[in-house]
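A.B. asks: Each number in the numbering used here corresponds to the 1-based position in the sequence shown with 216 added.
First the structure, which I've put down as structure tokens, then a few questions once you've had a look.
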Amino acid sequence: HYHIVAKEMIIYPKDKIIARNISWYEGKTKIITLPYFLIFLDRKTQQPILPKIGQNSNDGWFIKTYFNYYVNDKSYGTLYVDWFEKKGIGTGFEHTWEIGDENNSGETSLYLYQIKEKDSGEFKLTGNLNYKQEFTEENIKTQVTLNYSGTKAEGGELPYNTLKSQFSFDKDGEKYKLKISGKYNFSGTGLGQEDLSIDGNIKVNHNYTFNDKLSSVLTLVYTDKNPASQEVADLELKPKWELKYKGEGYTLNLT
């Protein structure tokens with residue numbers, strides 16, 4: 217049976233466990249020793265401690281290995297080294313930085329993974345960048361997500377790239393709430409108009425309370441659609457303003 221021995225373990229309740237000079241044993245036989253190992257306690261994305269071995273129709277037999285590393289309390293990550301019978305070897309990493317302080321807590325993470333598939337000859341690169349932060353004193357929440365995927369065929373000159381982005385900004389004031397959010401997707405083989413497709417939208421929502429009976433809602437929706445095959449982009453701005461009055465037993469809406 218497997219068991220683990222570590223010279224030092226630091227436990228952060230409901231957060232993570234940091235083990236130093238950790239060794240894996242199978243019975244009395246030492247398999248591997250690592251200077252650091254990190255186990256998350258509060259994340260759904262926690263990776264298995266031991267390699268994952270399996271088989272499917274797409275990859276054939278595979279072995280997926282994970283190594284959680286630790287730089288300091290606010291900087292840590294995971295290394296990926298995978299073997300696929302049909303596709304070859306894939307490598308990558310995911311690193312997390314905890315930013316800000318107790319009043320401005322946040323997190324930034326970067327993920328990159330690459331593989332050259334031996335069955336198709338294609339080189340594939342995927343990436344993800346996440347940022348989120350909350351400013352407690354200002355009642356502000358921010359979030360940005362970028363997802364990238366690129367594929368280059370064997371012998372091909374230009375790779376096909378896709379970038380999907382999302383962002384949001386939330387601000388709560390004494391009498392108002394402001395939310396700005398958006399999504400933009402870019403895809404194609406280059407940055408030229410004939411090579412790049414764009415599909416996105418931005419939404420602004422502003423709620424204001426004048427008093428217990430009177431309030432207003434302003435909504436702006438901007439859309440931008442520009443396929444690579446289209447010379448002129450489809451742009452549209454839709455404004456909407458609503459005034460609401462709550463009386464005794466009735467409500468009046470002016471749009």
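Note that beta-carbon positions come from the ideal geometry of N, C-alpha and C, so glycine has one too.
Predicted, not measured: the structure shown is a model, and the values here were computed from it.
(1) Is residue 382 helix, strand or coil when you go by DSSP?
(2) For the segment 238-256 against the segment 268-280, do three or more pairs of beta-carbon atoms, one drawn from each stretch, fall closer than 8 Å, so that the two count as touching?
(3) Which class does residue 449 belong to by DSSP, given the choice of helix, strand or coil?
(4) On the CB-based measure, 16 or more other CB atoms within 10 Å of its CB, does residue 228 come out buried or exposed?
(5) Are residue 395 and residue 419 close, meaning C-beta to C-beta below 9 Å?
(6) Is the CB-CB distance between residue 307 and residue 331 below 9 Å?
(7) Taking the alpha-carbon of residue 241 as reference, which of 219, 234 and 438 has the nearest alpha-carbon?
(8) In the DSSP assignment, find the beta strand (DSSP E) that holds residue 309 and state where it starts and stops.
(9) Going by the DSSP bridge assignment, what does residue 351 pair with across the sheet?
(10) By the three-class DSSP mapping on this structure, what secondary structure does residue 257 have?
(11) Would you say residue 328 and residue 346 are within 9 Å of each other, going by their C-beta atoms?
(12) Using three-state DSSP, classify residue 403 as helix, strand or coil.
(13) Closer than 6 Å by C-beta to residue 255: which residues in its own chain qualify, once you throw out the five before and the five after it? Chain order, please.
(14) Taking DSSP's pairing of strands, which residues face residue 273 in a bridge?
(15) Going straight from the alpha carbon of residue 456 to that of residue 446, what length do you get?
(16) Which same chain residues, not among the five before or five after residue 401, have their C-beta less than 6 Å away from its C-beta?
(17) Give me, in chain order, the residues of the same chain whose beta-carbon lies closer than 6 Å to that of residue 369; leave out the 5 immediate sequence neighbours on both sides.
(18) Which residue comes first and which comes last in the beta strand (DSSP E) that contains residue 444?
C.D. replies: From the atom records:
(1) Your numbering for residue 382 matches position 166 in the sequence shown. Here residue 382 carries a strand assignment [DSSP, helix/strand/coil].
(2) No, the segment 238-256 does not touch the segment 268-280.
(3) Position 233 of the sequence shown, counted from the start, is the residue given in the question as residue 449. In the structure shown, residue 449 falls within a coil segment according to DSSP collapsed to helix, strand and coil.
(4) By 1-based counting over the sequence shown, the position of residue 228 is 12. Around the beta carbon of residue 228, fewer than 16 other beta carbons sit within 10 angstroms, so the residue counts as exposed.
(5) Here residue 395 is taken as the residue at index 179 of the sequence shown, counted from 1. Here residue 419 is taken as the residue at index 203 of the sequence shown, counted from 1. Cβ atoms of residue 395 and residue 419: closer than 9 Å.
(6) For the purposes of this step, residue 307 is taken as residue 91 along the sequence shown, with counting starting at 1. For the purposes of this step, residue 331 is taken as residue 115 along the sequence shown, with counting starting at 1. Cβ atoms of residue 307 and residue 331: closer than 9 Å.
(7) Position 25 of the sequence shown holds residue 241. Minimum Cα distance to residue 241 is reached at 219.
(8) Taking the sequence shown and counting its residues from 1, one reaches residue 309 at position 93. Per DSSP, residue 309 is one residue of the beta strand (DSSP E) stretching across 304-315.
(9) Reading the sequence shown from its first residue, position 135 is the one you call residue 351. Note: residue 351 sits in a beta bridge opposite 356.
(10) Counting from 1 along the sequence shown, the entry for residue 257 is found at position 41. It is coil, neither helix nor strand.
(11) As a first step, residue 328 must be located in the sequence shown, where it is residue number 112. As a first step, residue 346 must be located in the sequence shown, where it is residue number 130. Residue 346 sits away from residue 328, with the two beta carbons spaced by 9 Å or more.
(12) Your numbering for residue 403 matches position 187 in the sequence shown. Strand.
(13) The residue given as residue 255 occupies position 39 in the sequence shown. Correct list, in chain order: 233.
(14) Position 57 of the sequence shown, counted from the first residue, corresponds to residue 273. Residue pairing by DSSP places residue 273 in no beta bridge whatsoever.
(15) Taking the first residue of the sequence shown as position 1, residue 456 is located at position 240. Taking the first residue of the sequence shown as position 1, residue 446 is located at position 230. Taking the straight line from one Cα to the other gives about 29 Å.
(16) To locate residue 401, count along the sequence shown from 1; it is residue 185. So the list reads 380 and 415, once near-sequence residues are dropped.
(17) Looking up residue 369 in the sequence shown gives position 153. These residues qualify, in order along the chain: 338.
(18) Walking along the sequence shown from the start, residue 444 turns up at place 228. Taken as a continuous stretch (DSSP letters only), residue 444 belongs to no beta strand (DSSP E), as it is neither H nor E.
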